[in-house]
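Q: Quick one: this structure, given as structure tokens, is what I'll be asking you about.
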Amino acid sequence: MKKNLVFLAGLLIVGWLLAGENLLVNSGFENSSATVVGNWRQYTYGTKGGWFTVVNDRNQAHSGNICLKLETEGKGYIGVMQAVGQAWAQGVWPGRRYLVGGYARGKDATFEIAFHLYGEKLNLPKGFKNRYSFPVTEEWQRYGVIFTMPEGVVWANVNFDLKGGQRGPLVI
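To convert, note that position 149 of the sequence shown is 359 in this note's numbering; the numbers rise steadily by one, no gaps.
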């Protein structure tokens with residue numbers, strides 16, 4: 211059992227090292243004001259309300275000074291989204307591998323990383339997975355996925371969400 215855990219840990223570390231380029235801008239949320247998160251769009255889906263709190267406190271943030279706190283009344287999704295590229299300006303490249311993730315903590319919360327992919331000749335492989343869920347703990351931990359862009363993708367939206375149906379808080 212111990213050998214298997216050591217092997218899996220080694221595999222994960224090698225994966226992080228070989229992953230590829232950073233896909234996101236302002237991934238640490240440092241380019242933010244008291245209410246606006248720079249380079250990210252805030253959204254709710256299927257919820258009557260939710261609370262985005264930009265926390266400017268180095269004692270609460272994982273690194274730097276800023277973190278985001280996401281909460282809902284227990285229905286729908288709440289999160290932040292970043293567009294990478296546009297229909298007229300390719301921002302992602304099929305076949306390239308990207309490491310997408312971040313640090314999160316919370317209580318009774320699941321951190322979700324989702325990809326919404328676009329392109330005229332988009333060809334998703336059978337069984338393609340575009341949403342990854344990570345139950346979080348109350349301590350900061352790193353969560354992420356190594357993601358290979360499928361054929362035909364020209365641009366993408368990357369979402370960091372509090373899983374639907376959960377109140378949170380989720381701190382990212």
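From the three backbone atoms N, C-alpha and C, an ideal C-beta is built for every residue, glycine too. The structure displayed is predicted, hence computed values, not measured ones.
1. Mark residue 325 as exposed unless 16 or more other C-beta atoms lie within 10 angstroms of its C-beta, in which case mark it buried.
2. Measure the beta-carbon distance from residue 378 to residue 280 and round it to whole angstroms, keeping in mind my assumption that it falls under 8 Å.
3. Between the Cα of residue 338 and the Cα atoms of 375, 320 and 359, which residue gives the shortest distance?
4. Measure the Cβ-Cβ separation of residue 315 and residue 265 and say whether it is below 8 Å.
5. Can you give me the C-alpha to C-alpha distance between residue 276 and residue 235, rounded to a whole angstrom?
6. In its own chain, which residues sit with a C-beta less than 6 Å from the C-beta of residue 255, not counting the 5 before and 5 after it?
7. Is DSSP giving residue 354 helix, strand or coil here?
8. Measure the C-alpha to C-alpha separation of residue 367 and residue 269 and round it to an integer number of angstroms.
A: This is what the structure gives:
1. Taking the first residue of the sequence shown as position 1, residue 325 is located at position 115. Burial call: buried.
2. If you number the sequence shown from 1, residue 378 lands on position 168. If you number the sequence shown from 1, residue 280 lands on position 70. Indeed they touch by this definition, with Cβ atoms about 6 Å apart.
3. In the sequence shown, the residue the question calls residue 338 occupies position 128. Closest option to residue 338, Cα to Cα, is 359.
4. As a first step, residue 315 is located in the sequence shown; it is residue number 105 there, counting from the start. As a first step, residue 265 is located in the sequence shown; it is residue number 55 there, counting from the start. Their beta carbons are not under 8 Å apart, which means residue 315 does not touch residue 265 by this criterion.
5. Your numbering for residue 276 matches position 66 in the sequence shown. Your numbering for residue 235 matches position 25 in the sequence shown. If I take the Cα positions, the gap works out to 15 Å.
6. Locating residue 255 in the sequence shown gives position 45, counting from the first residue. So the qualifying residues of the chain are 286 and 287.
7. The sequence position of residue 354 within the sequence shown is 144, counting from 1. In the structure shown, residue 354 sits in a strand (DSSP, three-state: E or B).
8. Along the sequence shown, one-based indexing puts residue 367 at 157. Along the sequence shown, one-based indexing puts residue 269 at 59. Taking the straight line from one Cα to the other gives about 30 Å.
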